[in-house]
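J.:
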Amino acid sequence: MNKNIKIIIILIILFCFVAVELLHISPIFQPLPNRDSGVFLYVSERILEGEIPYKDIWDHKAPLIYYFDALGLSVKGGSLWGVWLIEVISLYIASILSFFGMKKIWGSVSAWAGTIIWLQTLPFFLISGNFVEEYTLPFIFGIFWLLARMDFETKSKTYFWVGILSGIVFWIRPNGISIPLAIGILLLTNTLNPFKRKHAIKGILSFFVGVLSVFILISGYFLFADSLKEMVDQVFKFNFLYLDSGATFISRFLQYLENFLILPVLLTFVGSAWLTGVVFIFRNLEMNKTHRKILSLIIIALPLELFLSNLSGFGYRHYFITWVPIIGLVTGWFAFFVLQKSNFDKITFKGTAISLKIVIVFILFVSISPTNPSIFVNLSKIFSSLIERGQIPYFGYSDEEKNIIDYINSNTERSDYLLLWGNEVKYNFITSRLAPSKYAYAYMLENSKYVRQEMITEFIDALAKNKPLIIDTGKTNQKVEPIVCNPCEDIYDEQISTFVSENYLKIDSIGGNNWPVYQYIGGN
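In terms of my numbering, the sequence shown opens at residue 1 and continues consecutively.
1. For the alpha helix (DSSP H) containing I456, list its first residue and its last residue.
2. Kindly say whether N259, judged by its beta-carbon, lies nearer than 7 Å to any beta-carbon of chain B.
3. In angstroms with no decimal places, state the Cα-to-Cα distance between K61 and V39.
4. Please look up how many angstroms separate the CB atoms of K479 and P33, rounded, as I've assumed it's under 8 Å.
5. Counting C-beta neighbours from all protein chains within 10 Å, is the total for T352 16 or more, i.e. buried, or is it exposed?
6. Counting only runs of 4+ residues fully inside the region 82-134, write out the alpha helix (DSSP H) ranges in chain order.
7. Per DSSP, which one or two residues make a beta bridge with P53?
8. Please name the residue, chosen from F282, A111 and I177, that lies closest to A148 on a Cα-to-Cα basis.
9. Just verifying my parser: in three-state terms, what is the DSSP assignment at K506?
10. For a test of the three-state rule: what should DSSP assign to D406, helix, strand or coil?
11. Pick helix, strand or coil for K350, following the three-state DSSP scheme.
12. Compute the beta-carbon to beta-carbon distance between W145 and L64, rounded to the nearest angstrom, for a pair I have assumed lies under 8 Å.
13. Got a sec? Which residues, its chain only, sit under 8 Å from A464 by beta carbon, not counting five neighbours each side?
14. If I measure Cβ to Cβ from A19 and keep anything under 7 Å in the same chain, skipping five residues before and after, which residues do I get?
15. So what does I470 bridge to, in DSSP terms?
16. Are three or more beta carbon pairs between the region 52-61 and the region 420-440 nearer than 8 Å?
17. Which residue or residues does DSSP assign as beta-bridge partners of L80?
18. Quick one: Cα of I117 to Cα of K157, how far?
19. Apart from the five residues just before and just after A273, which ones in its own chain have a Cβ nearer than 6 Å to its Cβ?
20. Please name the residue or residues paired with L434 in a DSSP beta bridge.
21. Straight-line CA distance for S296 to S384?
22. For the alpha helix (DSSP H) holding M150, just list the boundary residues, first then last.
23. Within the same chain, show all residues whose beta-carbon is closer than 7 Å to that of S432, passing over the 5 residues directly before and after it, in chain order.
24. Alpha carbons only, please: which of E305, G396, I298 and P264 is nearest the one belonging to V279?
25. Distance, Cα to Cα, I507 vs D406?
26. Could you check which residue in L22, T189, C485 and G422 has the C-alpha nearest to that of T473?
27. For F208, which residues of its own chain have a beta-carbon under 8 Å away from its beta-carbon, when the five flanking residues on both sides are left out?
28. Go ahead and pull the three-state DSSP assignment for E481.
29. So what does DSSP say about A200, is it helix, strand or coil?
30. Runs of 3 residues minimum, wholly inside the region 268-313: which ones carry the beta strand (DSSP E) assignment?
31. Applying the criterion that 16 or more other CB atoms from any shown protein chain within 10 Å of the CB defines a buried residue, is E134 buried or exposed?
32. Among L261, K293, Y450 and N428, which residue has its Cα nearest to the Cα of L241?
33. Excluding the five sequence neighbours on either side, which residues of its own chain have a C-beta within less than 6 Å of the C-beta of S37, listed in chain order?
34. Classify D345 as buried or exposed, calling it buried when 16 or more other Cβ atoms lie within 10 Å of its own Cβ.
35. Do you know offhand how far I300's Cα is from N514's?
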């Protein structure tokens, strides 16, 4: 078969896998964004209106997620379909780089095994869409693709591009850098070898220049936009305080165990394959230079990833999306190990010689490959709708979500301000209602180690000026107190509570959780 035709077939198969695996997070099934995504989309929408993250809208995520989402919103006129399209493109690029990187090192069978495994694993952690972790994947696999195509001993300039991609990963998710850190560790260990020292130093310098270039570019942008100070405060200071969640060793262990039990067979296999790789490295078993470097990278990256993925100790499922590249690479390497290092002969079936090694890899792949049943359910719903009504189905909001959206639309105008105390900014985005201040949600105001008096004053002044309708979601959010509290946890909560008590009247309760609704009536 012609080489170009083979590549086209591979690209089509990969696209089909990506589209199917991301179907469950499309607007067909999830018309209302999740809590985190709602914040990103709100910030991105404000960017398209000319505002600057951190200075005009407070949030503590690294900046690139907002610009990815802004691109998606601009593609489809503010629709979630544009954001989903960006997600599909992002994961499609990741799958291509993953496949051709593994194919370059380990061959086609390993490339299919490793890439399909991580694609099938992803939906178990990506339970809803538009999380920062998923956007790191094309850049992580881009790093792997570069390493797969370079000569580790002579092409130190490639490390510049590795540094560029590593810098981008950092500015998407700062603790998603297990593979870049592993590369740095490998380069540093090479400086101990007199024969490799010169190349290693060149590689370190090239890598550093690449990372620094991204840092200068992004920091320079926010410096020019007069938002650098705010970015440092929110992205770094707040997140360092956020890491201090009080999670104990036992609680962290239980969080890892909970995520392990989602995919026990696959993750047991990954752990066993990783240990096999450790034995190969430490027993110095024969393999070529590139294979040894890539395997060493995987060996170092896995424990780093386990540590970095849950630094905060909150253990949210989407944190572990960053496990996916390691899962894919370990699977690809182990498939290669079975194919190259075992001594199985071919078997004959109906006159056709079949490699027993490939049969074993296929059986292993089927045994460990996770399949999300919801994928088949969702496909069934779509095909049924196409056959019966000739159109793609739209399942709409839940009754609870629809009631809240209808209430907001009925009781406010688009020009009115809306505060959902807690963190339900997704309703601001969906209903196109502005938050009254840069503090669109309450976490920063409720963090006693971070909040300052000037922030409280700014927030209260904005309430007085913009007179928003307030929906208090505090009773269903463990991270915040109700906006009217008695007693209050600290003096800052008390100031906000006093202002609302004196200037607002409770007029209603909405939703199944009976969120209180407050309307501005003015002071006494």
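Note that the Cβ used here is the ideal one computed from N, Cα and C, for glycine as well.
T.: Checking against the coordinates, here is how it stands:
1. Annotation: the continuous alpha helix (DSSP H) that includes I456 extends over Q453 to N466.
2. The structure shown contains no chain B; it holds only a single protein chain.
3. So the two alpha carbons sit approximately 10 Å from each other.
4. About 19 Å separates the CB atoms of K479 and P33; that is not less than 8 Å, and the two are not in contact.
5. With a pLDDT of only 47 at T352, under 50, the local geometry of the prediction cannot be trusted, and the value read off the model is given with reservation. When all chains shown are included, T352 counts as exposed.
6. If one requires a minimum length of 4 residues, the alpha helix (DSSP H) runs lying completely within the region 82-134 are 108-125, in chain order.
7. Here P53 is bridged, per DSSP, to I57.
8. Taking the Cα of A148 as reference, the smallest distance to any Cα among F282, A111 and I177 is reached at A111.
9. Looking at K506 - three-state DSSP - the assignment turns out to be strand.
10. The answer is helix: DSSP assigns D406 an H, G or I state.
11. With a pLDDT of 48 at K350, under the threshold of 50, the modelled position of that residue is not reliable, and no figure is offered here.
12. Not a contact, Cβ separation roughly 20 Å.
13. Excluding residues within five positions, the ones whose Cβ falls inside 8 Å are F499 and N503.
14. The beta carbon of A19 sits closer than 7 Å to the beta carbons of V88 from its chain, once the five residues preceding and following it are set aside; these are given in chain order.
15. DSSP links I470 through a beta bridge to L419 and Y518.
16. As far as the Cβ criterion goes, the region 52-61 touches the region 420-440, which means the pair count is three or higher.
17. Looking at the DSSP assignment, L80 forms no beta bridge with any residue, so it has no partner.
18. Looking at the backbone, the Cα of I117 and that of K157 are separated by about 32 Å.
19. So the qualifying residues of the chain are V330 and F334.
20. Answer by DSSP bridge pairing, in chain order: Y417.
21. Rounded to the nearest angstrom, the two C-alpha atoms are 48 Å apart.
22. Per DSSP, M150 is not a residue of any alpha helix (DSSP H), being assigned neither H nor E.
23. Excluding positions up to five away in sequence, the list reads R414.
24. Nearest C-alpha to V279: I298.
25. Between I507 and D406, the C-alpha separation is close to 16 Å.
26. Nearest Cα to T473 within the set L22, T189, C485 and G422: G422.
27. Closer than 8 Å at Cβ, skipping near neighbours: G163.
28. The three-state reading of DSSP puts E481 in coil, since its state is none of H, G, I, E or B.
29. In the displayed model, A200 falls within a helix according to three-state DSSP.
30. Taken in chain order, no unbroken stretch of beta strand (DSSP E) lies wholly in the region 268-313 with a span of 3 residues or more.
31. By the 16-neighbour rule on beta-carbons within 10 angstroms, E134 is buried.
32. Closest by alpha carbon: Y450.
33. Closer than 6 Å at the Cβ level, and outside the excluded window around S37, lie N130.
34. For D345, the predicted structure reports a pLDDT of 49, less than 50, and the residue's modelled location is therefore unreliable. The matter cannot be settled from this model.
35. A straight-line Cα-Cα distance of about 50 Å links I300 and N514.
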